[in-house]
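Visitor: Just passing along the structure, written as structure tokens.
Residue numbers (my numbering): 233 to 526.
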């Protein structure tokens, strides 16, 4: 018994679309586009590694020396500055705007500290980059004030009891001061203690000059972070006493690297030793393997 196959063959041939092998789309699908394919000769590779070594070695030594010579004072007082009656419920103490939040701490300088001395406050397990937190702000209103009435991006903290909600010199980025916070916008409606924990901003100073606010509003990437609060422009001698008010964990490093961390130095100096890159040899080539079919 024979089966006629002529009509089906003709119909399949009629549906065939001719392929233009010279088109760019065809070359892209076949991964035949022109590209730079340099031949990595040993002389080129060695020269490149030597140049990179000459560049990164001074950087690593500089950061290592800076972190080794840094003088740092750390004082944690998130519990020390809370009244005894609120030790078990710190949130109620923060939200009560009628209670004073001033707290004085005495810090003793152990070693001579050269100016400039940077003052940071540190928070741990505070997820400032949470989507709900980041959305609860209006960048347009911070820049243009009442000219921008749309506060839909502030949800769910757009208002509280019908009131609008909003959240030191040379500590903030110049780009933030000039282009993100208005020079004619004043924090008249920011003094809502139930939302900001009793904090106060001077209503007579425009937002572009409220640098402690600008620094805080720049979202931190990790739950543990430091933010610059101020700078001391004179040297502190050993056995000097500093009286400071505010914050949760206060740190006074003398390094531009914001502390005595040597991680950056170790990365620059020892990365290649700790995690070496395997060199390509003839025995590792797929062309030299016995199981490769010709």
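For glycine and all other residues, C-beta sits at the position ideal for the given N, C-alpha and C. Model, not experiment: these values are computed from the prediction.
1) Out of 257, 282, 304, point me to the one whose CA is closest to residue 343's CA.
2) Our contact map puts residue 332 next to residue 325 with C-beta atoms below 8 angstroms; I'd like the distance itself, whole angstroms only.
3) Pull up the distance between the alpha-carbon of residue 295 and that of residue 267, whole angstroms please.
4) May I have the straight-line CA-CA distance separating residue 465 from residue 276, to the nearest angstrom?
5) State yes or no: is the beta carbon of residue 370 nearer than 8 angstroms to at least one beta carbon in chain C?
6) Take residue 457 and list the residues in its own chain whose beta-carbon comes closer than 8 angstroms to its own, dropping the five residues that flank it on each side.
7) Assess, as a yes-or-no matter, whether the region 305 to 314 is touched by the region 434 to 450 under the definition of 3 or more beta carbon pairs within less than 8 angstroms.
8) Starting from residue 359, trace the beta strand (DSSP E) both ways and give me its first and last residue.
9) Which residues bound the alpha helix (DSSP H) around residue 289?
10) As a quick exercise: from 375, 467, 460, pick the residue whose alpha carbon is nearest that of residue 193.
11) Would you call the CB atoms of residue 450 and residue 408 closer than 8 angstroms?
12) Would a C-beta distance cut-off of 8 angstroms place residue 459 and residue 352 closer than the cut-off?
13) Give me the Cα-Cα distance between residue 371 and residue 334, rounded to the nearest whole angstrom.
14) Work out the CA separation of residue 443 and residue 413 for me, nearest whole Å.
15) Per DSSP, what kind of secondary structure is residue 582 in: helix, strand or coil?
16) Give me the Cβ distance between residue 446 and residue 404, rounded to the nearest whole Å; I'm assuming they're in contact under 8 angstroms.
17) Where do the N-terminal and C-terminal ends of the beta strand (DSSP E) with residue 336 fall, by residue?
18) Taking all protein chains shown into account, decide if residue 417 is buried (16 or more other Cβ within 10 angstroms of its Cβ) or exposed.
19) Can you check whether the CB of residue 472 is closer than 8 angstroms to the CB of residue 341?
20) At what residues does the alpha helix (DSSP H) containing residue 325 begin and finish?
Guide: For this structure:
1) 304
2) With a Cβ gap of about 11 angstroms, residue 332 and residue 325 do not count as contacting.
3) 39 angstroms
4) 49 angstroms
5) Although the question refers to chain C, the structure presented lacks it and comprises just one protein chain.
6) 354, 355, 358, 360
7) no
8) Premise fails: residue 359 is in no beta strand (DSSP E) and is neither H nor E.
9) 274 to 300
10) With the chain represented from 233 up to 526, any question about residue 193 goes unanswered, as that position is not in the structure.
11) yes
12) yes
13) 30 angstroms
14) 10 angstroms
15) Absent from the model: residue 582. The displayed extent of the chain is 233 to 526, so no value can be given.
16) 4 angstroms
17) 336 to 340
18) buried
19) yes
20) 322 to 327
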